[in-house]
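Notes follow the structure.
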Amino acid sequence: MFKFSKSFMPAITLALLPFATTTPSIAADKYTGVGRAATPAEIQAWDIDVRPDFKGLPKGSGSVEQGQVIWENKCASCHGTFGESNTVFTPLVGGTTKDDVKTGNVANLKRADYPGRTTMMKVASLSTLWDYIHRAMPWNAPKTLSDDEVYAVVAYLLNLSEIVPDDFTLSDSNIREVQKLMPNRNGMSLKHAMWPGKSGLVTATPPDTKNTACMSNCKPAAKVSSTLPDYAKTSHGELAPQTRPFGQTRGQGAAAGSSAKPAHNPDYALAEKSGCLACHGINQKIVGPGFNEVADKYKGQDAAAKLATKVKNGGVGVWGSIPMPAQTDLKDSDAQTLVKWILSGAPTQ
Amino acid sequence: MAEHEELTPVETPEGLKQPGRIQKAPENFLTPTEIESVTQGRRNFLRGSLFAAVAAMTGRHAFAQGSDAVNAASGDPYILQPQTWATTLGKGVATAPYGLPSKYEADVIRRQSPGLTQTTQSSVSFSPLQSMFGIITASGLHFERHHQGWYDIDPTQHRLMVNGSSPEFVKKPKVYTMDDIMRMPFVSRIHFIECGANTGMEWGNVAVPTVQYTHGMLSCSEFTGVPLRLILEDCGANMSKKFVLAEGADGSAMTRTIPMEMVLNDEVLVAYGMNGEMMRPENGYPLRLVVPGVQGVSWVKWLRRIEVGDQPYGTKDEAVHYIDLMPDGQHRQYTSVQECKSVICTPSGGQKLLEKGYYTISGLAWSGRGKVRQVDVSTDGGINWKRAKLETPVQSKALTRFSLPWNWDGKAVILQSRAVDDTGYVQPTYGQLRAVRGTRSIYHNNAIQSWGVAENGDVSNVQVL
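What follows is the structure, encoded as structure tokens:
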């Protein structure tokens, strides 16, 4: 009886709460046997977030000089030696000035003619850089940097942006001071209508626009201000098959007879399906070497078996320090097919 | 399956002479007379296939205008001649243990926008809105946005942890397995999910050819899961704290700040079900957060941790990305609500109307603030409008299908749709939106979409201010 009343009473209490209407009202402690206490070690392992007030930041330090070494080994292949590369991801560094460091507003963001926006132009909180690099970098081996290495990489980025000097060491004890130098620290606006809470995070405004549902003679004429540029007509492949070949409409070109492209080489399709092309270009380096570079390097050698094993087991060192992860899901026969295809020049058609 | 292929006389004509190759149905399902009629039908099929071959040679257009292809003297061979599917035995149950779409639907697929990204693991694939019906997105067509690739995580190894940014915010930090989560009370709700960058390529000018690329970072599903409130209360969380942080288990360990109000009103779900089955791996199997009305990046996939906190978190995807650059150089931060928006999917860019006459204009409308109240459609670029029909039930923060009968007279026209939600907010024109936000933003473009229809029937993407 006691057990019943204990679980029943909180249920009634909860049912009276204004928000408990859409779900069965169940007391907080009623889910007997569901879940278990998290251990302190588990919480420590997963609770890695660092907030803008630096709550959650672990103790540690790293110098610009140390950061440069880590950068060149683990970051530069995607982001460029100076964080400027636009090849794989958008540039990290550039577009900020000494004056921005003083004002906390990046002046180039006001310029409509300024090409592109780098991470350092946008980011307001140093915590964001630290937290993200710590949890998600390097891109193909996330969470493998030590805390000190993260400090060092952040210090190097700050140095590239001329926020800290060459001999600087960033640490948990001086990071709040460096925050005061962030070029876009005052660049965030919290006045808008698009935060779904009322918790005081933003100053809520009415929505930006106030269109009306006018039904007739709403304007004198409809003027087309922009049409599809010529290059964009073919940039997304043949449009004919992108609409179902029966029904109300057809894809453009569908009725004009067959203009089917030659099918992809099946081995190319296998490379695409197996995810190889994310890191390897056919004719250029992306994260790993281009297939053309691999074919050149092993030209005239009987390297197929060795390379197939490398594909399966992963490797590091031949093409730089970014490791190629082991492809454990790839069938042996597929690895052999792919290597043969790569060594034969990786034809796409 | 192989047996069925052998039944097709065109592929193996000798099969005709070997009726013994017909596989007997279980429990003498076919009588001898029925078997005889099946064999007879295959002979008819040979004649029928001649007609089919002729039709195929004249190309897709002949098929398109099937009525023209009818032999005036007798009629449509597809009616006059028995077809193989009507006169032979079809495939058995569980031939495809997990059913797949018809082979004729092979081009109804997610697509990437070439050049948008340099890797497939940090990229987007778009839903083929031009080929979909109703409001539910087939799970295999749900758009994808991954930051560091996707994994098919073993559900027996997946964990959800709840803790506080300060220990006192959550009295009993807990760990839940999938077994635990799926024992708890659940709800099932239909909601849209739209990427904050949907239509982002079109801020400055027309850039992409079809509705798949202009609006295809949009999907809608029935989600099944546990209201996050119940899980937080189970952990003794202090529900007066203003924020929760959601964190993913993948390489990117995606994090976003969610307002506690949405948790308290039971909108936020810890979801494992999608359209009647488990969440697809690309969509966060086995667990993702559902945050109705809010941009997709907050619907953290492979959800591994919830933290209760008293301050926002300023994570990468709310401090560097998913921020809106305004003309004064300031970035708006924590812009999350997807405002009221609509788009015509049929007819739409990259399509062609084959002839004058009747069509049913069809499209989608949605609002991150509630229900769609009305949708109006214009065929003259926004000068005059007609009220579209809404398919019911119209649900809050879900896609709503609209349609309008239309007779095309063969003249050049501009089609537009304009949605109004139950707050009274009316979807803006490009001119209105740019007047406030400029053209350099990437996110939250909800302007009225225009499709130009040329006299030759070609439909193309255009912008009208």
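So the sequence lines, in the order shown, correspond to chains A and R. Position 62 of the first sequence, counting from 1, maps to 62 under this note's numbering, and the rest follow consecutively. Position 221 of the second sequence, counting from 1, maps to 1221 under this note's numbering, and the rest follow consecutively. Quick reminder that beta carbons are idealized off the backbone N, C-alpha and C, glycines included.
Close partners of R1440/R in chain A (Cβ separation under 8 Å): A112. For M1178/R and C279/A, the gap between their C-alpha atoms comes out near 33 Å. With respect to chain R, the C-beta atom of W46/A has a partner C-beta closer than 8 Å. Taking the Cα of A38/A as reference, the smallest distance to any Cα among V1162/R, V1124/R, H1142/R and S1113/R is reached at V1162/R. At a Cβ-Cβ threshold of 8 Å, S1396/R and G1363/R do not count as neighbours. In the DSSP annotation of this structure, the continuous segment of the alpha helix (DSSP H) that includes T103/A starts and ends at K98 to T103. DSSP, read as helix, strand or coil, puts H280/A in strand. Boundaries of the beta strand (DSSP E) around M1274/R: L1269 to M1274.
Under a criterion of Cβ atoms nearer than 9 Å, no residue of chain A is adjacent to V1377/R; the nearest Cβ is some 11 Å distant. CA-to-CA, the gap between L1353/R and V1462/R works out to about 17 Å. Looking at the backbone, the Cα of S226/A and that of S1450/R are separated by about 10 Å. C-alpha of H1142/R to C-alpha of K312/A: approximately 31 Å in a straight line. Judged by beta-carbon spacing, S1417/R lies within the 8 Å limit of F1402/R, meaning their Cβ atoms are closer than that value. Distance from the CA atom of K1316/R to the CA atom of G35/A, rounded to whole angstroms, is 30 Å. Per DSSP, reduced to three states, the secondary structure at K273/A is helical. For K1411/R, no alpha helix (DSSP H) encloses it, and the DSSP letter there is neither H nor E. In this structure, A136/A and G1309/R do not form a Cβ contact; the two beta carbons are roughly 20 Å apart against a cut-off of 8 Å. Contact check between the stretch 1342-1353 of chain R and the stretch 1164-1174 of chain R: fewer than three CB pairs, one atom from each, fall below 8 Å, which does not count as touching. Here M1161/R is bridged, per DSSP, to V1175/R and R1305/R. Three or more beta-carbon pairs drawn from the stretch 167-180 of chain A and the stretch 52-66 of chain A are found closer than 8 Å, and the two stretches are therefore classed as touching. The C-beta of P1312/R comes closer than 8 Å to at least one C-beta of chain A. Counting along the chain, no beta strand (DSSP E) covers F291/A; the unbroken alpha helix (DSSP H) around it starts and ends at F291 to K297.
Scanning the stretch 1345-1385 of chain R from its first residue to its last, the whole beta strand (DSSP E) runs of 3-plus residues come out as 1357-1366 and 1372-1378. Counting the other Cβ atoms within 10 Å of the Cβ of E1307/R gives 16 or more, which makes it buried.
Segment contact: the stretch 1257-1266 of chain R against the stretch 1234-1242 of chain R, three or more CB-CB distances shorter than 8 Å; contact assigned. The beta carbon of N217/A sits closer than 8 Å to some beta carbon of chain R.
Where H79/A is concerned, there is no enclosing beta strand (DSSP E), although the alpha helix (DSSP H) around it starts and stops at A76 to H79.
Taking 8 Å as the cut-off, the Cβ atoms of G1381/R and I1414/R count as close.
Taking 8 Å as the cut-off, the beta carbon of V1372/R is found no closer than this to the beta carbon of T209/A. A distance below 8 Å separates the beta carbons of Y1272/R and M1182/R. The beta carbon of L129/A sits closer than 7 Å to the beta carbons of V123, V154 and L157 from its chain, once the five residues preceding and following it are set aside; these are given in chain order. Per DSSP, L1228/R is one residue of the alpha helix (DSSP H) stretching across L1228 to D1234. Shown here, G1200/R sits in a helix according to DSSP, grouped into three states.
Counting only the Cα atoms, P241/A lies some 11 Å from Y1104/R. The alpha carbon of D1266/R has as its nearest neighbour, out of L1232/R, M1274/R, A1246/R and R1280/R, the alpha carbon of L1232/R. In this structure L239/A is buried. Its beta-carbon is surrounded by 16 or more other beta-carbon atoms within 10 angstroms.
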